[in-house]
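The numbering of the sequence shown is my numbering, which starts it at 2 and goes up by one.
Heads up: the structure comes next, in structure tokens.
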Amino acid sequence: MNFSLSPEQEAIRDNVGRLCGRFGDDYWLERDRTGSFPHEFHAAVAAAGWLGIAMPEEYGGAGLGVTEAALMMHTVARSAGALSAASAIHINIFGPHPIVVFGSAEQKQRWIPDLVAGRAKSCFGVTEPNAGLDTTGVETRAEPAGNGYVIHGRKVWTTTAQEADKVMLLARTTPRADCARRTDGLTLFYTDLNRDHVEVREIPKMGRAAVDSNALFIDGLPVPLEDRIGEEGEGFRYLLHSLNPERILVGLEAVGIGQNALHRATQYAKDRVVFGRPIGQNQAIQHPLAESWMALEAAYLMGLKAASLYDRGEPCGVESNATKYLGAEAGFEACTRAILTLGGMGYAKEFHVERLLREVLITRLAPVSPQLILCHIAEKALGLPKSY
Ligand SMILES: Cc1cc2nc3c(=O)[nH]c(=O)nc-3n(C[C@H](O)[C@H](O)[C@H](O)COP(=O)(O)OP(=O)(O)OC[C@H]3O[C@@H](n4cnc5c(N)ncnc54)[C@H](O)[C@@H]3O)c2cc1C
């Protein structure tokens, strides 16, 4: 057993950290205030080649694993940009996964180089208003038309759809009632986000204003056969394959945001003098911060374990879900405690921890809720009956 990073992994952390350091608190505060997409940051990450970290080398990527992608996203979220920075590139890092694993050579050649170079931006259209976490209940349907399909339906919360030119879409090709299993009959597409047939309406939301999330109204979107990933009816299983990497990345992003807040709180606790001594000399201030340090560190280790299992091709569902749960809960606690440590100033935008709290909440809600992770752990780790 070896807990140290390789020199290559250390270099990833250092170089990504240096790049993120070029985009400081003022840059991200302004993006949050104006709700404008961080194009300069996205372009810098693309130019340095980081968007292709986990993409195959033959298509312009670095061919590295989920471990390296997770280290990268942890570093990004720990920087001033927190989840705004991570979400601006997150979909490009993990979203193409089904293409890499299940796409044809022709599709990979057609799509991946553009994603790696940052020439194309994609978004992920899975969640629907009437299905929620029960993904097999999606109502968006793809009907055969000519040499392809035509798609009708609705998606909700589709992140970066204001900016994206491509969308990964999950749609029903066989009604649920006609399928042997409810996971059958769903098909995955990666296609142009053609705004003649898709209305993209931004959802006003609590935080991470720089990166949009949207409702999509899809009306007769034509999709050629060559934009279908793999076999018709197998989309749910293809999607499942990419869920574990996403959970690992989101979990470590949440850890990064929590450590970001903890760092700010610790610094403030050293500097702020009340009753003639630094507030950080009081155990009531120290202990919650010390607890958060441990919780964040433990979630981080779980994340590295999950990523290492994934990269070795071993089962990692329980560990990946645990990473997302532990990271999000620890990150949320750390941000809340940071605000309390700063007292009234914790509520002021210029101290940034309120922004971190608003952002870290997303990692608790998405891509799967804490309740459903607990259901999964109860079933898969403890062998209790499935409850949902
Ligand atoms: C900012 C943001 C960005 C997002 N980006 C994307 C994106 O890019 N693409 C995308 O496809 N989706 C995206 N999502 C959607 C996100 O993945 C969903 O919101 C999430 O999966 C929860 O689904 P829901 O909101 O429909 O909750 P629901 O399914 O309506 O659940 C509501 C609550 O009920 C609980 N619940 C439901 N059933 C059970 C049960 N059986 N047992 C216990 N508890 C239960 C849930 O845990 C949850 O707390 C995003 C969401 C947010 C907030």
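Think of the CB as a built atom: it goes at the ideal place given N, C-alpha and C, for glycine as much as any other residue.
Contact annotation: the segment 263-281 does not touch the segment 83-97, with fewer than three C-beta pairs closer than 8 Å.
In the DSSP annotation of this structure, the continuous segment of the beta strand (DSSP E) that includes residue 223 starts and ends at 214-225.
If only complete runs of 4 or more residues are kept, the segment 275-328 shows the alpha helix (DSSP H) at 284-312, in order along the chain.
Straight-line spacing of the CA atoms in residue 31 and residue 359 works out to 15 Å. Annotation: the continuous beta strand (DSSP E) that includes residue 189 extends over 187-193.
Exclusion of residue 137 from the 7 Å shell around ligand 1 follows from its C-beta lying no nearer than that to any non-hydrogen atom of the ligand. Of the other Cβ atoms in all chains shown, fewer than 16 fall within 10 Å of the Cβ of residue 372; this residue is therefore exposed. Residue 376 sits in a helix when the DSSP states are folded into three classes. Cβ-Cβ distances below 8 Å link residue 23 to 45 in the same chain, with the five nearest sequence neighbours on each side left out; the list follows chain order.
Within the model, the alpha-carbon separation for residue 63 versus residue 54 is close to 5 Å. For the options 175, 366, 107 and 274, the alpha carbon positioned closest to that of residue 152 is the one of 175. Put simply, the segment 324-344 touches the segment 297-305. At least three CB pairs are less than 8 Å apart.
In the DSSP assignment, residue 67 falls within the unbroken alpha helix (DSSP H) covering 67-79.
Judged by the Cβ position, residue 159 qualifies as a neighbour of ligand 1 at the 7 Å threshold, a heavy atom of the ligand being closer than this. For the options 150, 57 and 14, the alpha carbon positioned closest to that of residue 228 is the one of 150. Short note on residue 8: C-beta not closer than 7 Å to any heavy atom of ligand 1.
For the pair of segments examined, the segment 338-352 was found to touch the segment 283-294: the number of CB pairs separated by less than 8 Å reaches three. Judged by DSSP secondary structure, residue 348 falls outside any alpha helix (DSSP H); it is assigned neither H nor E.
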